[in-house]
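Notes follow once the structure below has been shown.
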Amino acid sequence: MIDSINKHAFIEANIGKIDWSTNNPDKGARTVWTEVKAKVTETLEAKTYWIPNMWKWQIPYFEKLGFKILETDKNMYEFHTVTLPENWKMSERHPETGSRHILDEQGRRRVYISDAVRFSEPTTRLLKRYDIRYQKLDDENMICFVYDTSGGDESDKVEDFVKIYELRYPLSRWRQKYTNAEEKAEFDKDYRKYITAVQKYEKLCRKFLEENYPAYNDPTAYWD
């Protein structure tokens, strides 16, 4: 949280105009920054956290787990002042992605937090115990798998996920560029083939979840 006082991505993007002759914020921006810094410091002293937009449909699940939403700030993005369930804690920022997790009393990742605004909107979401992922395995193959979100290393490498069901299939290729109608038609055909394969194997993984973990969409299920 100390990092949030000085480097919060949302604040940096919205504190106001910069005087480029001095490379410093203008007076109005400095005032906003002072107010926000004081607010964040206050929440730190109260042992609370300021987190970005929580998925609306998940808020009842957050409350069920013991989160207390003390205040909601409505700006360009909603930020919530919350207290965590007993013995839960905030992780350090990931050195590459800048994301954070909230860990439960057993040290398992239960909540994903991204407050970067460069590529997507800031968000806070509860993780399901079991989820589906697909990605390129190598130059010739794709993989679609069901994995346990509570384990494994925090990375995008296939080998770092705790997989409990997986399907591998040939990687469909399609031209990356086209310059005429004929090439465009070829692109569309090959890309549809790729999407059809993704949907086919994702459906099989979802069937596995429905048969073995029917409540898998409930982020509070299968943790005990």
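Heads up: the sequence shown begins at 1 in full-length UniProt numbering, then just goes up one per residue.
Cβ atoms here follow ideal geometry from the backbone N, Cα and C, with glycine treated the same way.
Selection from the options that minimises the alpha carbon distance to residue i
i	options	result
Trp88	Arg110, Tyr201, Glu182	Arg110
Tyr178	Lys189, Glu140, Val158	Lys189
Gly107	Tyr169, Asp115, Glu121, Met90	Met90
Asp131	Tyr216, Arg168, Glu86	Tyr216
Leu137	Glu71, Gly151, Asp156	Asp156
Asn53	Ile113, Glu202, Gly151, Arg192	Ile113
Glu71	Val158, Trp55, Thr48, Met142	Thr48
Glu86	Leu103, Lys56, Arg93	Leu103
Lys203	Phe161, Asp218, Leu127, Tyr134	Tyr134
Met142	Asp153, Val158, Leu127, Arg125	Val158
Collapsed DSSP secondary structure at residue i in the structure displayed
i	result
Ala46	A caution first: Ala46 carries a pLDDT of 46, below 50, which makes its placement in the model too unreliable to give a value.
Glu86	coil
Asn141	strand
Lys184	helix
Asp153	coil
Phe79	strand
Lys177	coil
Leu171	coil
Pro219	coil
Pro52	strand
Tyr213	coil
Glu159	helix
Glu63	helix
Glu92	coil
Asp224	coil
Val146	strand
Glu166	strand
Lys193	helix
Lys68	strand
Phe208	helix
Lys203	helix
Alpha-carbon spacing of residue i relative to residue j, whole angstroms
i	j	result
Glu96	Phe67	28 Å
Glu63	Glu78	17 Å
Ser99	Ala181	42 Å
Glu140	Lys200	18 Å
Asp115	Tyr169	35 Å
Thr83	Glu211	36 Å
Thr196	Leu209	20 Å
Ile164	Ser172	24 Å
Ala46	Ile69	The predicted model places Ala46 with a pLDDT of 46, which falls under 50 and marks its position as unreliable; any figure quoted below should be read in that light. Between Ala46 and Ile69, the C-alpha separation is close to 13 Å.
Asp224	Glu183	53 Å
Pro214	Tyr222	10 Å
Glu12	Cys205	Annotation note: pLDDT 43 at Glu12 (below 50); position unreliable, no value reported.
Leu65	Cys144	30 Å
Leu167	Thr220	27 Å
Thr81	Thr149	26 Å
Pro122	Asp73	13 Å
residue 226	Ile51	What is shown of the chain runs 1 to 224, which leaves residue 226 out entirely.
Tyr191	Val198	11 Å
Any beta strand (DSSP E) of 3 or more consecutive residues that is wholly inside the segment 95-134: 100-103, 109-114, 123-126
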